[in-house]
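These notes concern the structure reproduced below.
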Amino acid sequence: IDFEDLRLRTSGTERMRITSGGAVGIGLTSPQGNLHVEGAAGASGGGIIYVTDADNGSTASDALHISKSGDTAFVYNRESSGDLQLGAGNTASHVVVKSNGDVGIGTSSPGQTLDVRGSVQFGDGGSGVALNFNATGNAQLKLNGTEKVRIDTTGVGIGTSSPASVLTYSGSFNATSAG
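Heads up: the sequence shown is residues 143 to 321, going by the working numbering.
Here is the structure:
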C-alpha cells in the first residue's frame, strides 16, 4: 500500500500525520522535522512531550518533561528526587542539575550551588579582562591577553607568573600620597 500521507483522526479531527517523507506531526498537519509536536498555547497545553521508563513509573510526574510556552522552553526531570544530566561524547554527566538545584560541571556530585571541577575561564579569552582557574591550582588575571596577576600554591605574583614567596612583585612601582 502506498499513501501520500497517513492521517489519524479522533472525533473527526486530525490528531497525527505521518508524511510521505516519514516526518511525524502531532497536533499539526505540516511537520517541520522528523518529529514535530504542537499543542495549545500556554504552559499547561503547549506541545508537551513526556519521556518515561517502566522501572520508575509511566505517569507525567515520573517523566522527563520537554515543552514550550510562548518564548520560553522547558526541559526538566519531574521525579521529585531525580537529577537532570547533560553530556556529550558518550558521557552522560558533563553537566548535572541536582533535584535541590545545585549544578555540577565536571562532577556528578556538586557540593555547592555551582560546583565546577576542572579549568575555568571568565572573560573573552583575548582582549579585555579574563580570570582563569585551572586544575593545577593556579588562578590568573589577564588584561588584553597578558597575565598580570597569578595566584598559585606558593603565593601571589604581580607582574610574574612564578611567585617565589607569599607576595612577589616584578616591574616598576609608583606610589603617591593622598592629600
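From the three backbone atoms N, C-alpha and C, an ideal C-beta is built for every residue, glycine too. Here the structure is a predicted model, which means the values were calculated and not measured.
- In the assembly as shown, G167 is a buried residue. Its beta-carbon has 16 or more other beta-carbons within 10 Å.
- Between S261 and A277, the beta carbon gap of about 6 Å places them in contact (Cβ cut-off 8 Å).
- In the structure shown, the three-state DSSP call for D204 is helix.
- If the five residues before and after P252 are omitted, its C-beta is found closer than 8 Å to the C-beta atoms of V238, K240, D244, V245 and G246, all from its own chain and listed in chain order.
- Taken through DSSP and simplified to helix, strand or coil, E180 comes out as coil.
- Residues of the same chain with a CB within less than 7 Å of the CB of A234, apart from the 5 flanking positions on each side, are Q227 in chain order.
- Taking a 10 Å sphere around the C-beta of S209, we find 16 or more other C-beta atoms and assign the residue as buried.
- Taking the Cα positions, T249 is about 6 Å away from R259.
- T288 has its alpha-carbon roughly 11 Å from the corresponding atom of L273.
- Distance check between G313 and each of L283, G299 and I160 places G299 closest, using alpha-carbon atoms only.
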